[in-house]
Structure formats: C-alpha cells, structure tokens
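Colleague:
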Amino acid sequence: MANIIDGKAIAAKIRGEIAVEVNRLEAKGIKPGLAVVLVGEDPASKVYVSMKEKACQDVGIFSDEHKLPATTSEKELLDLIDRLNKDERIHGILVQLPLPKHIDTEKVLDAISPFKDVDGFHPYNVGRLVVGKPVFQPCTPYGVMVMLKEAGVELAGKEVVVVGRSNIVGKPVAFMCLQQNATVTLCHSRTKNLAEKVGMADVVIAAVGQPEMIKGAWIKPGAVVIDVGVNRVGEKKLVGDVEYAAASERASAITPVPGGVGPMTITMLLYNTVESAKRGA
Ligand code: NAP
Ligand code: L37
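The sequence shown begins at 637 in our numbering and counts up one residue at a time.
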C-alpha cells in the first residue's frame with residue numbers, strides 16, 4: 637500500500653510558518669494584503685474564493701474582496717486592476733478564472749503588475765519560469781513541487797509524466813520538474829498510447845479534469861502519483877483524475893482527493909503574498 641502524501645497536513649504546517657512570518661512583518665509595520673477578484677457566479681470559483689479569504693484571515697493577511705457581477709465590462713475590470721496595481725496596501729492580486737466569455741482573459745492577466753502577480757500567470761512570470769527565474773511561481777504547480785519535496789522525492793534523473801497541458805497546471809509543472817533535472821513527458825488529449833507512457837513514469841502528475849481516467853493498472857509499481865484533479869461526481873463526492881483505490885495498491889506514494897493538492901494551492905497563494913510584501917511590491 638502506498639504512503640499517503642497528506643496535503644492537508646503539509647499545508648497546515650506551512651500555514652503555521654506563514655502566520656509567524658506575518659506577525660514578524662506586522663511588528664515592522666507591514667501588513668501583507670491580497671486582493672481577490674471574482675467576476676460572476678461560477679459555483680466552484682465561489683467556493684475557492686471564499687476558502688482563500690478565510691485562509692488569509694487565519695494567517696493575518698489583509699484580504700480585499702471584489703465580487704463583481706457577471707455583467708461587469710472588460711473596461712471596468714481593467715480599471716479595478718489598475719487601481720489595485722497602485723494600491724500600497726495590496727501586495728498580491730488574484731483574478732479567479734474562468735472569467736465570463738465577453739472578457740478577454742489574456743488582456744486581464746497582462747494588466748496585473750508582474751510584481752503583484754501572486755498567481756504567476758502574467759507572461760513576464762511565465763517566461764521567467766521557463767528560464768528558471770520567475771518572480772512568482774503559479775500556486776498549484778508550486779504546491780505540487782513542495783509536496784514532492786516534503787515526501788522526500790528526488791526528481792533528478794527521474795521519468796516524470798505529466799498528463800494535461802493547461803497554462804495553469806500541466807505546462808508550468810512540467811517546466812518546474814525539468815528545472816529539477818527530471819526527464820519530462822507532457823501528455824494531452826492527442827497523445828497516443830497514454831497507458832504505456834504513464835506506465836514508464838517514476839512520477840505521474842495528473843491534471844486532466846476527467847474523473848478517475850488514469851487507471852490504477854497503468855501505474856508502474858513503486859511510482860509516485862500526484863493527482864491534481866478535483867472532479868465533483870454526483871451531489872457531494874469529489875474524486876481525482878486517478879483511480880485512487882487501484883493506484884494506491886501499486887504506487888509507493890500518492891496524494892488523496894480531497895486533502896491533497898487542493899489545500900496546497902491556497903497555501904502557496906498565501907506564501908507568494910507574504911513574499912511579495914517582504915519585497916515591498
Ligand atoms: P484544463 O484546462 O481543462 O486542461 C485539461 C488538460 O487535460 C488539457 O491539456 C487536455 O488536453 C487534457 N486532457 C483532457 N482529456 C484528456 C484525455 N482523455 N487524455 C489525455 N489528456 C486529456 O484543466 P486544468 O485547469 O489544468 O485542470 C485540470 C484538473 O485539475 C481539473 O480537475 C481541475 O479541477 C483541477 N485543478 C485543481 C487545482 C487544485 O488546486 N487542486 C487547481 C487547478 C485545477 P488538450 O490540451 O489536448 O485539450
Ligand atoms: N490561484 N487558483 C488560482 N487562480 C485561479 O484563477 N482558478 C484558479 C485557481 N484554482 C483554484 O483555486 N483551485 C482550487 C482547487 C481546489 C482547492 C482549492 C483551490 C481545494 O482546496 N480543494 C479541496 C476540496 C474543496 C471542496 O470541498 O470543494 C481539496 O481538498 O482538494
């Protein structure tokens with residue numbers, strides 16, 4: 637049976653350290669501040685944004701919430717970002733994706749100051765990630781890397797297979813693993829023989845968004861499995877992108893869903909915000 641890489645526990649430990657750091661900064665007259673912008677009524681986004689706000693309050697970060705109606709124009713959103721870029725109380729700006737269809741996401745991400753871009757989605761940070769020197773690392777991939785480190789997984793020379801090539805998870809996590817000297821294969825919906833590729837991996841990182849599509853039988857015995865997927869099935873149940881029960885019979889270590897990568901995403905957002913405040917963004 638695989639060891640469970642407990643994201644909730646790792647997140648709690650790091651959040652404790654962040655709270656201490658926030659206290660230390662406050663004693664020096666600095667209160668880290670995060671602006672969270674939500675446009676519209678996407679149900680998952682509403683849940684995540686309220687979790688982010690609560691997490692800020694728990695560690696003492698000032699959380700500046702902007703909940704805008706779905707009818708908000710692109711210009712109104714860009715004007716708000718402009719004000720937040722100039723606001724000295726704000727060290728991090730997060731615009732929760734997806735945005736309503738009439739708003740150009742790229743334009744909005746481009747408008748955020750790269751020095752307040754705690755999500756790491758601005759092209760400046762994306763480019764710097766590829767050459768190995770971002771100002772901010774995107775929160776979900778960063779959380780994955782911290783979990784691997786905490787679990788004692790050394791990546792140099794390992795075969796890493798990432799399934800999913802989105803800009804927010806698959807692509808950045810692939811570059812981060814490459815930076816740590818892994819040999820990386822990046823798979824997507826047009827990949828042929830996915831089972832065979834996954835079967836070669838020492839470390840599998842699944843970010844697909846399809847409930848349990850990575851089968852347990854594909855996993856090489858002893859591999860490490862990181863499941864980024866968060867899929868709601870039925871009314872309440874959450875499952876990952878990996879067939880958890882069968883995969884945990886073969887893997888040496890695996891992340892659960894819930895309680896795996898999800899809590900780490902929010903933790904790295906807090907971490908980036910505090911780092912930004914320390915730099916004086
Ligand atoms: P996305 O933008 O929808 O991208 C999904 C990727 O998976 C695409 O690259 C797609 O390929 C690929 N894909 C889809 N079906 C496939 C198949 N049958 N075989 C191989 N590849 C396939 O998703 P995302 O935003 O990266 O999110 C992925 C998952 O992670 C979702 O479950 C999401 O909820 C979760 N997530 C979790 C966190 C967290 O904090 N834990 C954060 C963000 C996202 P193409 O590019 O060819 O279309
Ligand atoms: N930073 N994150 C950032 N920016 C965005 O634009 N969309 C997006 C984003 N995504 C995001 O916040 N995802 C996310 C996913 C899962 C969790 C948190 C954030 C999480 O904590 N999930 C819990 C279960 C929560 C639930 O019950 O729904 C878990 O344990 O996995």
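Yeah, the Cβ is synthetic: ideal placement off N, Cα and C, and Gly gets one too.
If distances are taken between C-alpha atoms only, which option among Ala882, Lys914, Val910 comes closest to Met637?
Modeller: Comparing Cα positions, the closest option is Ala882.
Colleague: Gln693 to Gln816, Cα distance in whole Å?
Modeller: When rounded, the distance between both Cα atoms is 33 Å.
Colleague: Is the beta carbon of Val897 closer than 8 Å to that of Gly788?
Modeller: It is not a contact, given that the beta carbons lie outside the stated cut-off.
Colleague: To the nearest angstrom, report how far apart Lys828 and Asp723 are at their CA atoms.
Modeller: The alpha-carbon atoms of Lys828 and Asp723 are separated by roughly 49 Å.
Colleague: So, does the region 711-721 touch the region 654-661, judging by three or more C-beta pairs under 8 Å?
Modeller: With a cut-off of 8 Å, the region 654-661 and the region 711-721 do not count as touching, because too few Cβ pairs lie within range.
Colleague: Should Ser912 go down as buried or exposed, given a rule of 16 or more other Cβ atoms within 10 Å for buried?
Modeller: So Ser912 counts as buried.
Colleague: Quick one: is the Cβ of Tyr684 within less than 7 Å of any heavy atom of the ligand L37?
Modeller: At least one heavy atom of the ligand L37 is nearer than 7 Å to the Cβ of Tyr684, so yes.
Colleague: What does DSSP give as the partner residues of Gly926 in its beta bridges?
Modeller: No information on residue 926 is available, as it lies outside the stretch 637 to 917 that the chain covers here.
Colleague: In angstroms, rounded to a whole number, what distance separates the CA positions of Tyr760 and Tyr907?
Modeller: Cα to Cα, the separation comes out at about 20 Å.
Colleague: Does the separation of the CB atoms of Gly895 and Ala843 fall below 8 Å?
Modeller: Result no, Cβ atoms of Gly895 and Ala843 do not sit closer than 8 Å.
Colleague: Using the Cα positions of His727 and Ile697, report the straight-line distance between them to the nearest angstrom.
Modeller: Between His727 and Ile697, the C-alpha separation is close to 10 Å.
Colleague: Here's the rule: buried if 16 or more other CB atoms are within 10 angstroms of the residue's CB, otherwise exposed. What is Thr909?
Modeller: That one is buried.
Colleague: Quick one: is Glu742 buried, meaning 16 or more other Cβ sit within 10 Å of its Cβ, or exposed?
Modeller: Glu742 is exposed by the Cβ-count criterion.
Colleague: Going straight from the alpha carbon of Ile641 to that of Thr901, what length do you get?
Modeller: Those two C-alpha atoms are separated by around 15 Å.
Colleague: Confirm the yes/no value for this check: CB of Ser681, any heavy atom of the ligand NAP, distance under 7 Å.
Modeller: Flag unset: Cβ of Ser681 not near the ligand NAP.
Colleague: Which of the three DSSP states, helix, strand or coil, is assigned to Ile804?
Modeller: Reduced to three states, the DSSP call for Ile804 is coil.
Colleague: Is the beta carbon of Ile855 closer than 8 Å to that of Asp877?
Modeller: Their beta carbons are not under 8 Å apart, which means Asp877 does not touch Ile855 by this criterion.
Colleague: From the DSSP output, which residues share a beta bridge with Leu704?
Modeller: BP columns for Leu704 point to Val675.
Colleague: Is Ala843 near the ligand NAP, with its Cβ less than 7 Å from a heavy atom?
Modeller: Yes; taking the cut-off as 7 Å, the Cβ of Ala843 has a heavy atom of the ligand NAP nearer than that.
Colleague: Within the same chain, show all residues whose beta-carbon is closer than 7 Å to that of Pro750, passing over the 5 residues directly before and after it, in chain order.
Modeller: Around Pro750: His758, Tyr760, Asn761, Val771.
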